[in-house]
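Below you'll find the structure, written out as structure tokens, and then a few comments.
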Amino acid sequence: MKARLPRGLTDRGPADLAAANRMLEKIREVYELYGFEAVETPLIEYTDALGKFLPDQDRPNEGVFSFQDDDEQWLSLRYDLTAPLARYVAENFDALPKPYRSYRSGWVFRNEKPGPGRFRQFMQFDADTVGAASVAADAEICMMAADTLDALGLSGQYVVKVNNRKILDGVMEAIGLGGDEQASQRLTVLRGIDKLDRLGADGVRDLLGDGRRDESGDFTKGAGLAPSQIERVLAFTGAGGSDTASTFANLAAVVAGSERGAEGVSELREIAVLVEGAGYAGRVAIDPSVVRGLEYYTGPVFEAELTFTVTNEDGQPVRFGSVGGGGRYDGLVGRFRPEPVPATGFSIGVSRLLSALQMVKSPIVANAAAQAPVVVLVMERERIAEHQTLVAALRAAGIRSELYLGSSGMKAQMKYADRRGATCVIIQGSEERERGEVQIKDLIEGAKAAQAIETNEEWRAARPAQFSVSVEGMVDAVREVLARHR
RNA sequence: GCAGCUGUAGCUCAGUUAGGUUAGAGCGUCGGAUUGUGGCUCCGAAGGUCGGUGGUUCGAGCCCACCCAGCUGUACCA
Numbered sequence: 139m140k141a142r143l144p145r146g147l148t149d150r151g152p153a154d155l156a157a158a159n160r161m162l163e164k165i166r167e168v169y170e171l172y173g174f175e176a177v178e179t180p181l182i183e184y185t186d187a188l189g190k191f192l193p194d195q196d197r198p199n200e201g202v203f204s205f206q207d208d209d210e211q212w213l214s215l216r217y218d219l220t221a222p223l224a225r226y227v228a229e230n231f232d233a234l235p236k237p238y239r240s241y242r243s244g245w246v247f248r249n250e251k252p253g254p255g256r257f258r259q260f261m262q263f264d265a266d267t268v269g270a271a272s273v274a275a276d277a278e279i280c281m282m283a284a285d286t287l288d289a290l291g292l293s294g295q296y297v298v299k300v301n302n303r304k305i306l307d308g309v310m311e312a313i314g315l316g317g318d319e320q321a322s323q324r325l326t327v328l329r330g331i332d333k334l335d336r337l338g339a340d341g342v343r344d345l346l347g348d349g350r351r352d353e354s355g356d357f358t359k360g361a362g363l364a365p366s367q368i369e370r371v372l373a374f375t376g377a378g379g380s381d382t383a384s385t386f387a388n389l390a391a392v393v394a395g396s397e398r399g400a401e402g403v404s405e406l407r408e409i410a411v412l413v414e415g416a417g418y419a420g421r422v423a424i425d426p427s428v429v430r431g432l433e434y435y436t437g438p439v440f441e442a443e444l445t446f447t448v449t450n451e452d453g454q455p456v457r458f459g460s461v462g463g464g465g466r467y468d469g470l471v472g473r474f475r476p477e478p479v480p481a482t483g484f485s486i487g488v489s490r491l492l493s494a495l496q497m498v499k500s501p502i503v504a505n506a507a508a509q510a511p512v513v514v515l516v517m518e519r520e521r522i523a524e525h526q527t528l529v530a531a532l533r534a535a536g537i538r539s540e541l542y543l544g545s546s547g548m549k550a551q552m553k554y555a556d557r558r559g560a561t562c563v564i565i566q567g568s569e570e571r572e573r574g575e576v577q578i579k580d581l582i583e584g585a586k587a588a589q590a591i592e593t594n595e596e597w598r599a600a601r602p603a604q605f606s607v608s609v610e611g612m613v614d615a616v617r618e619v620l621a622r623h624r
């Protein structure tokens, strides 16, 4: 059998795990500080609780991993953390304080085509406030997102962009796409706008009109809007002015004649006032080009974007882009309840944010991995118990250490220690044992010394960077060596 | 799903103007020189159904058909 990792999934090593844990801990601290509390829900939910999607018998795993329970009910792996939270809140509604503010991180799964930076299993870190209809809740979430990015060492390198779905609804109304029968056309428009950053205004213009042909020759059908309708939509996405006042003036013009649009503008204005009043101007900013592709948002929508540039595979500098997003979803919890329940939340894409932190060499994630263990070599196989006492002494002193457990000779053991990244090894053969001593070899110093050595004979004779200490002195000596290379 | 490209050793790739004996290299791995010392150097070894199946041919890694897988773009992403 061939060992192979399913596509779209990934293994993680010690360095990645340690870095991710450090980052998650930092995010958690900020969320706790804001008074959010932890909650965890399972990876599996009833399929119908996750959304309107129901697996059909032919393709039950389209988009979401699904399977049938022994009672034939459909179960699915969660594809985000929002729908399971909605289920949890609805199910425990009477016991929870409202507004209920909670956070959680965990794996989510999507059965979609993977690509660079896109996996079928990935981690999200969410915070949500359920039961607060005020835009103050939305503003708080945005400010908390900003504080989180600051805490991670990204100050000045991000902006949390805010928009309002109601304004777009107003624009749709104004160009005659308001009715229920045009819902699918509205969704096409929404998704077209969402690609603005990737395709530019011209690409989006094609998508809103007849359609667009990509470089492989594949054709994507457009929304079929008339030129005047398209320009009105683009006037909305391009309404961001040089300052907040001009942005709002542009927005007011774009939604002229739509009550819902005006409501959105006024909500957005309220958020702007709250954010500026709290001193977050510049970090949290109004940006009409943010729409988000999801249908369930009902009001404010946000996106956290990193503004520094990275070079892509073609050598072109591009913005790092979005590391999280969210918005108000007043309809989701209400699906399980007789009364409507307002809610708003924000979701961080953990692995994307982590790669950003690694890219800017954030101290939060640099050298997060534990120092490699001290390796005690086995020189006299029949006296393994005595070697074990050396390891035990190191461990008792809190020093990460291990006994070589393979069957190879000393040379191979040295190679093993080298490959482990060990800072030093402990050598006790019969000579040292009889003297009550051990040899401590500093592998890092030794490697440096080796660079000056040319010949093999010299190399073998030199035995660089190693010294003898009494068994009693071993722990202190090892501590010194470790401290030198920390 | 649609479109394009690519499949030769663990990895990166050669494989020559027209098909021609036993398919190569570098890196990596393992062993030895050095049975108690990482590196360097030298020597050696292991490792391949040439993605699969069928076809053309005296003969296929190379040509043809179909299939599979991977990559890239695009769509979908509730």
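Using the working numbering, the first residue of the first sequence is number 139, and each one after it goes up by one.
Built from N, CA and C at the ideal position, the CB exists for glycine as well.
DSSP three-state assignment for residue i, whether helix, strand or coil
i: alanine 442; result: strand
i: asparagine 159; result: helix
i: isoleucine 522; result: helix
i: leucine 219; result: coil
i: glycine 472; result: helix
i: tyrosine 435; result: coil
i: phenylalanine 386; result: helix
i: serine 272; result: coil
i: aspartate 381; result: coil
i: arginine 457; result: strand
i: proline 485; result: Reading off the sequence shown, one finds serine at residue 485, where the question assumed proline. DSSP places serine 485 in strand when its eight states are reduced to three.
i: serine 608; result: strand
i: valine 529; result: helix
i: arginine 142; result: coil
i: tyrosine 169; result: helix
i: glycine 399; result: helix
i: glutamine 262; result: strand
i: isoleucine 409; result: helix
Extent of the continuous beta strand (DSSP E) to which residue i belongs
i: glutamate 540; result: 539-541
i: serine 568; result: Run containing serine 568: none in the beta strand (DSSP E); it sits in the alpha helix (DSSP H), 568-573.
i: arginine 150; result: Taken as a continuous stretch (DSSP letters only), arginine 150 belongs to no beta strand (DSSP E), as it is neither H nor E.
i: glycine 559; result: Segment: none, glycine 559 is in no beta strand (DSSP E) and carries neither H nor E.
i: arginine 430; result: Unbroken run through arginine 430: none, as it is neither H nor E.
i: glutamine 206; result: 204-206
i: valine 298; result: 296-302
i: lysine 586; result: No beta strand (DSSP E) holds lysine 586; the alpha helix (DSSP H) holding it covers 581-588.
i: glycine 349; result: 349-351
i: phenylalanine 357; result: 357-359
Nearest candidate by alpha-carbon position, reference residue i, set the options
i: aspartate 154; options: Phe484, Asn594, Ser568, Ala508; result: Ala508
i: alanine 423; options: Glu592, Asn302, Val479, Gly362; result: Asn302
i: arginine 145; options: Pro254, Asp209, Val392; result: Pro254
i: asparagine 505; options: His623, Phe174, Val268; result: His623
i: leucine 290; options: Leu444, Ser500, Lys236, Tyr226; result: Ser500
i: glutamate 397; options: Ala312, Phe474, Gly379, Arg475; result: Ala312
i: alanine 176; options: Thr375, Ser243, Ala590; result: Ser243
i: glycine 201; options: His525, Met548, Val246, Tyr241; result: Val246
i: glycine 415; options: Thr220, Met281, Val461, Leu213; result: Met281
i: leucine 328; options: Asp285, Leu372, Val297, Thr220; result: Leu372
i: valine 273; options: Arg166, Met161, Gly574, Thr436; result: Thr436
i: leucine 306; options: Tyr418, Ser493, Gly402, Arg617; result: Gly402
i: valine 429; options: Phe374, Thr482, Ala419; result: Phe374
Contacting residues, own chain, Cβ-Cβ under 7 Å from residue i (five flanking each side not counted)
i: glycine 316; result: Met310
i: lysine 359; result: Gly349
i: aspartate 344; result: Arg350, Gly360
i: alanine 615; result: Ile578, Val607
i: valine 297; result: Arg421, Ala423, Glu443, Thr445
Same chain, Cβ closer than 8 Å to residue i, neighbours up to 5 away in sequence not counted
i: glutamate 540; result: Pro511, Val512, Val513, Val514, Val529
Residue span of the alpha helix (DSSP H) that contains residue i, given as start and end
i: glutamate 178; result: Element bounds for glutamate 178: n/a, residue is neither H nor E.
i: arginine 370; result: 365-375
i: asparagine 594; result: 594-600
i: serine 240; result: First-last for serine 240: 238-247, but that is the beta strand (DSSP E), not the alpha helix (DSSP H).
i: valine 503; result: From DSSP, valine 503 is part of no alpha helix (DSSP H); its letter is neither H nor E.
i: arginine 421; result: It is not in any alpha helix (DSSP H) - arginine 421 carries neither H nor E in the DSSP assignment.
i: arginine 324; result: 321-332
i: alanine 233; result: Element bounds for alanine 233: n/a, residue is neither H nor E.
i: leucine 515; result: That residue, leucine 515, is in no alpha helix (DSSP H); it is neither H nor E in DSSP.
Assumed close pair residue i, residue j - CB separation to whole angstroms, cut-off 8 Å
i: lysine 304; j: glycine 399; result: 7 Å
i: valine 563; j: methionine 612; result: Valine 563 to methionine 612, Cβ: 12 Å. No contact.
i: phenylalanine 484; j: glycine 459; result: Contact flag wrong, Cβ pair sits at about 16 Å.
i: glutamine 551; j: histidine 525; result: Not a contact, Cβ separation roughly 11 Å.
i: alanine 265; j: isoleucine 279; result: 7 Å
Cβ neighbours of residue i in the same chain (closer than 6 Å, five flanking residues each side left out)
i: phenylalanine 474; result: Ala228
i: alanine 157; result: Val503, Ala506
i: threonine 179; result: Pro222, Tyr226
i: serine 366; result: none
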